[in-house]
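J.: At position 102 of the first sequence the residue is numbered 101 (numbering that gives the first Met the number 0), and the sequence of numbers has no breaks.
C-beta: ideal position from N, C-alpha, C; glycine also.
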Amino acid sequence: MTPPERFYVTTAIAYANSRPGLHTLYEVVGADAIARWHRMVGDETRFLTGTDEHSVNIAQQAAAEGRSPRAFVDDQVALFTSAEEALLIAPDRFIRTTDPDHVLAAQEMVRRAYANGDIYPGTYEGWYCPNEGFRNASDVQETSRGTICPNHPDVPLQWLSERNWFFRLSAYQERLERHYADHPDFVQPAYRRNEMLGFIRGGLEDFSISRAGADWGIPFPIAENGETAQREDGSWDPEAGTIYVWYDALINYITGAGFPTDPDAFARWWPADLHVIGKDIARFHTIYWPAMLWSAGLEAPRRVWVHGFLLAAGGEKMSKSRGNLIDPDSVVAAFGADGARYVALREVPFDRDADVSWDSFVRRYNADLANDFGNLVNRTVSMAGRYLAGARPAPAPVDESALGAAWPGVVTRYRERIEACLLHEALAVLWDFVGAANKLVDAAQPWVLAKAAKAGDGEAERRLASVLGDLVEACRLIGLAVAPFMPGTAPRVLAQLDHAYAYAADGNDGPPLLNELRWGAHAAEPGTLSAPLPLFPRLEAEDAPTAG
RNA sequence: GGCGGAGUAGCUCAGUGGUAGAGCAGGGGACUCAUAAGCCCUUGGUCGGUGGUUCAAAUCCGCCCUCCGCUACCA
Numbered sequence: 000m001t002p003p004e005r006f007y008v009t010t011a012i013a014y015a016n017s018r019p020g021l022h023t024l025y026e027v028v029g030a031d032a033i034a035r036w037h038r039m040v041g042d043e044t045r046f047l048t049g050t051d052e053h054s055v056n057i058a059q060q061a062a063a064e065g066r067s068p069r070a071f072v073d074d075q076v077a078l079f080t081s082a083e084e085a086l087l088i089a090p091d092r093f094i095r096t097t098d099p100d101h102v103l104a105a106q107e108m109v110r111r112a113y114a115n116g117d118i119y120p121g122t123y124e125g126w127y128c129p130n131e132g133f134r135n136a137s138d139v140q141e142t143s144r145g146t147i148c149p150n151h152p153d154v155p156l157q158w159l160s161e162r163n164w165f166f167r168l169s170a171y172q173e174r175l176e177r178h179y180a181d182h183p184d185f186v187q188p189a190y191r192r193n194e195m196l197g198f199i200r201g202g203l204e205d206f207s208i209s210r211a212g213a214d215w216g217i218p219f220p221i222a223e224n225g226e227t228a229q230r231e232d233g234s235w236d237p238e239a240g241t242i243y244v245w246y247d248a249l250i251n252y253i254t255g256a257g258f259p260t261d262p263d264a265f266a267r268w269w270p271a272d273l274h275v276i277g278k279d280i281a282r283f284h285t286i287y288w289p290a291m292l293w294s295a296g297l298e299a300p301r302r303v304w305v306h307g308f309l310l311a312a313g314g315e316k317m318s319k320s321r322g323n324l325i326d327p328d329s330v331v332a333a334f335g336a337d338g339a340r341y342v343a344l345r346e347v348p349f350d351r352d353a354d355v356s357w358d359s360f361v362r363r364y365n366a367d368l369a370n371d372f373g374n375l376v377n378r379t380v381s382m383a384g385r386y387l388a389g390a391r392p393a394p395a396p397v398d399e400s401a402l403g404a405a406w407p408g409v410v411t412r413y414r415e416r417i418e419a420c421l422l423h424e425a426l427a428v429l430w431d432f433v434g435a436a437n438k439l440v441d442a443a444q445p446w447v448l449a450k451a452a453k454a455g456d457g458e459a460e461r462r463l464a465s466v467l468g469d470l471v472e473a474c475r476l477i478g479l480a481v482a483p484f485m486p487g488t489a490p491r492v493l494a495q496l497d498h499a500y501a502y503a504a505d506g507n508d509g510p511p512l513l514n515e516l517r518w519g520a521h522a523a524e525p526g527t528l529s530a531p532l533p534l535f536p537r538l539e540a541e542d543a544p545t546a547g
C-alpha cells in the first residue's frame, strides 16, 4: 500500500462587502468538486475557502449603517456560509481574515520579509477620495473641473502622499522567470501563464503593503524605526498603520495550512497543490504571492488555476449595478443544489468565460439531467422492477458487454479531465456514456425480450437480465462517478439500485473511489430495486424567478 | 501603442493539407421501458475578407476587417 497522497486546494477568499452572486460561488463549487474527487479517491484532502474582511471600504460601509466593522462582516460572512451550505460546499475550514491565527500569520510574514530585507519604508502617492481612500489612476476621471472620483463626482479628490511600507518585488524578477521556466504548469491554463510571464518580463515594481490611515485591518507589526510596533500592554501602536491588502488576503492560504502556530500541520499541507482563482487576481497569485513566500523562506504553491467568468447575455459582466446577477438561492430553489452545481460547472468551461442565462441553465438541466441521466435511471429501475420483479440483475462481464468494455476508458478520461481542472470536459465525458446507455436501451429493446421471455424463450430471458444488469451497473457507475459534482444525487441513485453509498457527506471515509468504479465491482451481491423515484423533475422556462 | 488569442451551422464550440463535424435549438419518423423523456433520420455553413504557396487550404504564408485577453497597488 502506498501512503495516501495529500491534496491541499484553496479558493480565493471572497470580499465580504456584498451578498454573494452565483459568479462568485462558481469558483467555490468547482474547487469543492475537485476536493471531493480527491477525498473520494482516498487522498488526504484539505479544502480551504473563506472571506476577506479588512478594508477601508468595509469599515465605511459598516459606519454608514451605524455598526461596528466586526458586526457588519459577521453578518456578511453568514450570507456566504449559508449560500455555500445550500450548494453543499464542504470546506475543511472556512477561513476569515479576522480569525486570530490569521492575524498572527500575516504579522509573521511581514516580520520575515523585514528580516530578509525585502520591505522598506517609502512614500505612496496617489489620488485620494475622502470617501473611498486611494484610487487608481485608471479609476479616476479627468474632467473640465479637474480629476474626480466617478463614484463621488462632487467630492474633490486630493493628491496625497503617505508614508508606508513597500515590498521589494523588483528583487524577484529573475527568480520568478526561472520558476516559470522550471515549472511549466505553475500557472494554468497556458494562455494565462503567458500573460503573467509577459508581465514579469516587462519589469516588476515594488508594491505597498501598509496603510497609515486605515484602522480596520491587521496591525502592522513593525514601527518605522524597525522595532516592534507592539506596546508593553500588548496593544499595537496605531502609528505603525495596518497591513494592506495582499499581505493580509493572500496569507490566508498558509494560515489555513497551520502557519505559523502548527508547524507539523504546515509541513504536511504546504505547499498547496492547487489555488483556484479568478482571472482578475491572477497577477497577485502568480507573481506577488510566490515572491512573498520566498521572502519568508517558504515554497510557492504547486499550481494556480485561473478560471473564467460567468457573464450575462451578450458577454456583459455580472454586477449588482447592472442588475444582471444570478441569485444562487433561486438557482438552488429551481434546480436543487446538485442541479445548480451541475449546470454551473457544465455550462461554463472552467478555463474560460461563458455567457449564461436562466434559459441556458434550464436547457442544460432538462437535456442532461432530466432527459438523459434522470430518465435513464428511471427507465432502468422501472424495467427491472417490471420485468424482473425487482431482483437486481448482475452486469455481464466486461468483455461480454459493450458498456462494460467502454467504461474503463470513460473513467480514465474523466479522471484526466478533473485533474487537469477541465471540469466541463469531465462531465461531457461522463455524459457520452449516459448517451451510450440510453442507446443500448433502444437497441436491445428489453420490452421485446420480456415478452419473449414470458412466452418461454430462455435465451431472451437470459439476454433480458444481462441487458438490464448492464444498465443498472451503468447507473451505479455514473451516479457514483458524478458524486464530486452532485454529492446529493449519488446516494439517491445508489439507493434506488440497492447499493450502499459508503461516503460521508463531504466525500471522506469511503472506499477508494477507483475501486468502486470498476465495472461489476459489486456484481456478486444480491439486491432489490425499489420503485423508481425521479431524480430531476423537468423544468419549464417559465419556472424562472421574477427578475430582481 | 506593445504582447497574445479568436473569427466554422440559429447558439456554444471541435476540427493544423486530402470530398465540412458535435451538442443544444428547429423539422420528420418508428417505437413505448421512461420525467410527452429516449432512439433513428433530417433542415442548416461561399469555414471573417482578400491575395498567394500547393495536384489539393478551415488547415500554411502575406495583407485587411472585427472581437477578446494581458498591459501594476479595488478586492
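Residues in the same chain with beta-carbon distance under 7 Å from glutamine 60, minus the five sequence neighbours each way, listed in chain order, please.
T.: So the list reads Asn16, Phe71, once near-sequence residues are dropped.
J.: Just the Cα atoms here: how many angstroms apart are proline 536 and alanine 369?
T.: 6 Å
J.: Using DSSP with H/G/I as helix, E/B as strand and the rest coil, what is valine 186?
T.: strand
J.: Alpha carbons only, please: which of Pro183, Arg517, Arg174, Thr122 is nearest the one belonging to alanine 211?
T.: Thr122
J.: Compare the C-alpha of alanine 473 against each of Ala520, Glu460, Asn507 and name the closest.
T.: Ala520
J.: Taking Cβ to Cβ, would you say arginine 111 is nearer than 8 Å to glycine 296?
T.: A contact, by the Cβ cut-off of 8 Å.
J.: Is DSSP giving threonine 545 helix, strand or coil here?
T.: Confidence at threonine 545 is low in this model, with a pLDDT of 47, below 50, so its placement is unreliable and the value that follows should be read with caution. Residue state, collapsed to three classes: coil.
J.: Ends of the alpha helix (DSSP H) at tryptophan 446?
T.: Note, tryptophan 446: alpha helix (DSSP H), 445-453.
J.: Would you call the region 293-310 and the region 352-364 touching, i.e. three or more CB-CB distances under 8 Å?
T.: yes
J.: Among the candidates Arg378, Val471, Arg412, whose CA atom is the shortest distance from the CA of leucine 402?
T.: Val471
J.: Does the pairing of the region 218-232 with the region 254-268 give three or more beta-carbon distances under 8 Å?
T.: no
J.: Scan the region 216-273 and note each continuous alpha helix (DSSP H) run of 4 residues or more that stays entirely inside, going in chain order.
T.: 245-248, 251-254, 262-268
J.: Does the Cβ-Cβ distance between valine 305 and alanine 281 come in under 8 Å?
T.: yes
J.: Tyrosine 179 lies in the alpha helix (DSSP H); which residues open and close that run?
T.: 172-181
J.: Assuming aspartate 337 and threonine 488 form a contact by the criterion Cβ under 8 Å, report the distance between their Cβ atoms to the nearest whole angstrom.
T.: 5 Å
J.: What is the rounded straight-line gap between the Cα of alanine 549 and the Cα of valine 492?
T.: Because the chain in this structure spans residues 0 to 547, residue 549 falls outside the shown range and cannot be described.
J.: Tell me the start and end of each unbroken alpha helix (DSSP H) in the region 416-440 that is at least 4 residues and wholly inside, in chain order.
T.: none
J.: Looking at valine 347: is its Cβ nearer than 8 Å to the Cβ of alanine 339?
T.: no
J.: If you run the structure through DSSP and keep just helix, strand and coil, what is glutamate 472?
T.: helix
J.: Name the one or two DSSP bridge partners that tryptophan 518 has.
T.: DSSP lists no partner for tryptophan 518.
J.: Which residue or residues does DSSP assign as beta-bridge partners of histidine 306?
T.: Gly277
J.: Name the two residues that bound the continuous beta strand (DSSP E) containing glutamate 298.
T.: Glutamate 298 -> no beta strand (DSSP E), and no H or E assigned at all.
J.: Would you tell me roughly how many angstroms separate the C-alpha atoms of leucine 249 and glutamate 415, rounded to the nearest one?
T.: 29 Å
J.: Please confirm whether arginine 18 and aspartate 91 have their CB atoms less than 8 Å apart.
T.: no
J.: Counting along the chain, where does the beta strand (DSSP E) carrying glutamate 124 start and finish?
T.: Where glutamate 124 is concerned, the enclosing beta strand (DSSP E) stretches over 118-128.
J.: At what residue ranges does the region 15-83 contain a whole run of the beta strand (DSSP E), taking only runs of 3 or more?
T.: Fully enclosed beta strand (DSSP E) runs of 3 or longer: 43-51.
J.: Hey, would you say tryptophan 164 sits closer than 8 Å to phenylalanine 206, going by beta carbons?
T.: no
J.: Counting along the chain, where does the beta strand (DSSP E) carrying arginine 92 start and finish?
T.: 92-95
J.: On the DSSP bridge assignment, give the partners of tyrosine 7 in chain order.
T.: Among the bridge pairs identified by DSSP, tyrosine 7 is matched with Arg45.
J.: Leaving aside the five residues before and after threonine 23 along the sequence, list all residues of the same chain whose C-beta is less than 6 Å from its C-beta, in chain order.
T.: Once the five neighbours on either side are set aside, the close Cβ partners of threonine 23 are Ala13.
J.: Count the other CB atoms, across all protein chains shown, that sit within 10 Å of the CB of asparagine 135; report buried if there are 16 or more and exposed otherwise.
T.: exposed
J.: Residues in its own chain within less than 7 Å of glycine 547 by CB, not counting five upstream and five downstream?
T.: Residue confidence is low: glycine 547 scores 35 on pLDDT, short of 50, so the model does not pin down where it sits. Its coordinate-derived value is still stated next. Excluding sequence neighbours, glycine 547 sits near nothing in its chain.
J.: Using only alpha-carbon positions, find the residue among Ala228, Thr48, Ala30, Leu538 that is nearest to phenylalanine 334.
T.: Leu538
J.: Looking only at its chain, what residues have a beta carbon closer than 7 Å to the beta carbon of tryptophan 430, apart from the 5 residues adjacent to it on each side?
T.: Here the set comprises Asp367, Asp371.
J.: Since serine 329 is in the alpha helix (DSSP H), which residue starts that stretch and which ends it?
T.: Judged by DSSP secondary structure, serine 329 falls within the alpha helix (DSSP H) whose first and last residues are 327-346.
J.: Whole-angstrom Cβ separation of valine 275 and threonine 50, contact assumed at under 8 Å?
T.: Rounded, the Cβ-Cβ distance is 16 Å, inconsistent with contact.
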